[in-house]
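Here's the structure, in structure tokens; my notes come after.
Residue numbers (my numbering): 75 to 442.
Right under this line is the structure:
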């Protein structure tokens with residue numbers, strides 16, 4: 075049976091002590107509210123569905139996300155940890171004041187819609203049509219929030235009956251880009267990167283087109299990972315965490331040969347593509363993002379992304395006759411569905427193949 079005590083301030087404190095359960099206490103303005111809560115709580119204890127809600131009522135979204143960034147994010151890869159920090163900022167700003175128990179699907183859905191519409195932007199006030207947020211940006215916000223709730227429920231002992239993020243609709247991921255390089259664009263791009271004072275820019279772009287490797291996979295390469303005799307590159311750290319071996323075309327071998335023979339390579343690094351020492355004296359991978367943006371903009375290809383070069387390479391593998399399994403082994407895609415998003419065949423390039431099929435069919439002798 076619960077004990078009800080009137081406090082000096084005039085409120086009512088309910089205390090429930092039941093064998094096998096932690097002591098439950100809560101303060102209310104009226105005696106009736108205290109009695110109602112006591113009855114519900116005792117009934118839940120009897121039915122075996124009691125959840126201690128006090129921690130969830132005290133812990134705010136802001137504090138929970140800060141704990142997540144301090145305890146969970148460091149266990150992830152550095153890029154994922156940095157992504158968590160970015161997506162936590164708007165969540166803390168707009169939802170941080172709520173307790174975990176008070177955050178409902180309706181509140182989260184409103185946050186989602188306002189973010190998608192761009193209403194949370196600093197310059198959105200007074201504008202009839204603020205710039206909307208990318209659906210993928212909002213989707214990653216909600217993914218972080220949802221995982222934080224799961225962690226709080228499963229590992230932190232926070233009493234919640236459900237994860238509110240799982241009760242709302244999430245923005246769909248964007249469709250795969252279909253940006254392909256024309257022959258003329260490729261010639262302009264290669265001429266521009268070759269004209270840059272640092273030859274590493276041109277080598278990196280060519281390797282991306284020849285191998286389909288990601289930017290981070292290329293720039294973090296060390297000399298020991300490149301085997302020109304066997305014409306392979308061993309990737310130890312990849313986006314999907316699975317190591318893979320990438321075969322090299324003759325063109326890629328020649329590019330790597332030039333990169334490995336770079337006459338200005340310092341003796342204090344084993345990186346194939348190296349940058350200048352940082353404030354701590356350590357050399358890190360060559361950060362070519364700024365010069366890449368300026369170079370492609372200077373030749374009228376501002377909308378081209380470096381990742382489009384990976385799309386181009388994978389599509390060329392398919393057009394060259396490699397099977398889906400062979401292409402996936404090179405590119406590192408774990409599912410055929412993801413590979414399909416990265417593979418875009420030019421319809422005009424398929425015309426010759428259709429003609430060949432039609433020709434073989436017409437030449438096949440008919441029986442009877």
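All C-beta atoms, glycine included, are put in the ideal place defined by N, C-alpha and C. Model, not experiment: these values are computed from the prediction.
Alpha carbon to alpha carbon, what distance is there between residue 313 and residue 297?
Within the chain shown, residue 297 is the residue found at index 223, counting from 1. Within the chain shown, residue 313 is the residue found at index 239, counting from 1. Rounded to whole angstroms, residue 297 to residue 313 spans 20 Å at the Cα level.
Taking the Cβ atom as the reference point for each residue, do residue 405 and residue 388 lie within a distance shorter than 8 Å?
Here the question's residue 405 lines up with position 331 in the chain shown. Here the question's residue 388 lines up with position 314 in the chain shown. Yes; because the gap between Cβ atoms is below 8 Å, this pair is in contact.
Taking just the CA atoms, how far does residue 246 sit from residue 355?
What you label residue 355 is simply residue 281 of the chain shown in a count that begins at 1. What you label residue 246 is simply residue 172 of the chain shown in a count that begins at 1. So the two alpha carbons sit approximately 44 Å from each other.
Near residue 407, what residues of its chain come up, given a Cβ to Cβ distance below 6 Å and the 5 sequence neighbours on each side ignored?
Position 333 of the chain shown holds residue 407. Spatial neighbours of residue 407 in its own chain (CB-CB distance under 6 Å, excluding positions within 5 residues in sequence) are listed in chain order as 413.
State the start and end residues of the unbroken alpha helix (DSSP H) segment that holds residue 276.
On the chain shown, residue 276 is found 202 positions in, with the first residue counted as 1. Unbroken alpha helix (DSSP H) run through residue 276: 273 to 285.
Could you give the C-beta distance for residue 139 and residue 238, rounded to a whole number, given that I count them as a contact under 8 Å?
As a first step, residue 139 is located in the chain shown; it is residue number 65 there, counting from the start. As a first step, residue 238 is located in the chain shown; it is residue number 164 there, counting from the start. With a Cβ gap of about 14 Å, residue 139 and residue 238 do not count as contacting.
So residue 259 packs on residue 367, CB below 8 Å; how close in whole Å?
Counted from its first residue, the chain shown places residue 259 at position 185. Counted from its first residue, the chain shown places residue 367 at position 293. That belief does not hold up - the Cβ atoms of residue 259 and residue 367 are roughly 16 Å apart, past 8 Å.
For the segment 333 to 382, which segments carrying the beta strand (DSSP E) assignment without a break, of at least 3 residues, lie completely within its bounds, in sequence order?
List check, beta strand (DSSP E) in window: 348 to 351, 357 to 359.
Report the CB separation of residue 142 from residue 168 in whole angstroms; it is logged as a contact under 8 Å.
Position 68 of the chain shown, counting from 1, holds the residue named residue 142. Position 94 of the chain shown, counting from 1, holds the residue named residue 168. Rounded, the Cβ-Cβ distance is 17 Å, inconsistent with contact.
Under 8 Å between C-beta atoms, does residue 263 make it to chain D?
In summary, chain D is missing from the structure at hand, where a single protein chain is found.
Can you pull the DSSP bridge partners for residue 217?
Residue numbering aside, residue 217 sits at position 143 when the chain shown is read from its first letter. Residue pairing by DSSP places residue 217 opposite no residue, since no beta bridge is assigned to it.
Compute the Euclidean distance between the alpha carbons of residue 362 and residue 392, then round it to the nearest angstrom.
Within the chain shown, residue 362 is the residue found at index 288, counting from 1. Within the chain shown, residue 392 is the residue found at index 318, counting from 1. Going from the Cα of residue 362 to the Cα of residue 392 covers about 29 Å.
At the level of alpha carbons, what is the spacing between residue 310 and residue 316?
Here residue 310 refers to the residue found at position 236 when the chain shown is read from its first residue. Here residue 316 refers to the residue found at position 242 when the chain shown is read from its first residue. Roughly 8 Å separates the two Cα atoms.
So, is residue 117 buried or exposed, given that buried needs 16 or more other C-beta atoms within 10 angstroms?
Along the chain shown, one-based indexing puts residue 117 at 43. By the 10 Å Cβ count, residue 117 comes out exposed.
Helix, strand or coil: how does DSSP classify residue 173 here?
Taking the first residue of the chain shown as 1, we reach residue 173 at position 99. Three-state DSSP puts residue 173 in a strand.
Among 91, 155, 121, 105, which residue has its Cα nearest to the Cα of residue 85?
Taking the chain shown and counting its residues from 1, the one referred to as residue 85 is at position 11. It is 105.
Helix, strand or coil for residue 76 per DSSP?
Residue numbering aside, residue 76 sits at position 2 when the chain shown is read from its first letter. Three-state DSSP puts residue 76 in coil, outside helix and strand.
Check residue 88 in the structure and name its three-state DSSP category.
Reading the chain shown from its first residue, position 14 is the one you call residue 88. Three-state DSSP puts residue 88 in a strand.
Could you have a look at residue 158 and say whether DSSP puts it in helix, strand or coil?
Working through the chain shown from its first residue, we reach residue 158 at position 84. If DSSP states are grouped into helix, strand and coil, residue 158 belongs with the helices.
Using the DSSP secondary-structure output, state which residues sit across from residue 288 in a beta bridge.
The residue given as residue 288 occupies position 214 in the chain shown. Its beta-bridge partners do not exist; DSSP assigns none.
When you compare the segment 152 to 165 with the segment 258 to 273, are there three or more beta-carbon pairs, one atom per stretch, that lie closer than 8 Å?
no
Taking the alpha-carbon of residue 299 as reference, which of 286, 119, 244, 330 has the nearest alpha-carbon?
Translated into the one-based positions of the chain shown, residue 299 becomes position 225. Per the Cα distances, 330.
Can you tell me where the alpha helix (DSSP H) holding residue 321 begins and where it ends?
On the chain shown, residue 321 is found 247 positions in, with the first residue counted as 1. Note, residue 321: premise wrong, no alpha helix (DSSP H); beta strand (DSSP E) at 318 to 321.
Could you tell me the distance, in whole angstroms, from the CA atom of residue 132 to the CA atom of residue 88?
Locating residue 132 in the chain shown gives position 58, counting from the first residue. Locating residue 88 in the chain shown gives position 14, counting from the first residue. The alpha-carbon atoms of residue 132 and residue 88 are separated by roughly 17 Å.
Is it buried or exposed for residue 429, if we count other Cβ within 10 angstroms and need 16 for buried?
Position 355 of the chain shown holds residue 429. That one is exposed.
If the criterion is Cβ atoms closer than 8 Å, does the pair residue 288 and residue 384 meet it?
As a working note, residue 288 is residue 214 in the chain shown. As a working note, residue 384 is residue 310 in the chain shown. In this structure, residue 384 lies closer than 8 Å to residue 288 by Cβ.
Just mark residue 325 as buried or exposed, buried being the case when its beta carbon has 16 or more other beta carbons within 10 Å.
As a working mapping, residue 325 is identified with position 251 in the chain shown. Residue 325 comes out exposed.
Applying the criterion that 16 or more other CB atoms from any shown protein chain within 10 Å of the CB defines a buried residue, is residue 80 buried or exposed?
If you number the chain shown from 1, residue 80 lands on position 6. It counts as exposed.
Name, in chain order, the residues that DSSP records as bridge partners for residue 306.
Position 232 of the chain shown, counting from 1, holds the residue named residue 306. Paired residue(s): 301, 321.
Measuring alpha carbon to alpha carbon, tell me which residue in 281, 94, 137 is nearest residue 322.
The count along the chain shown starts at 1 and reaches residue 322 at position 248. The option with the nearest alpha carbon to residue 322 is 281.
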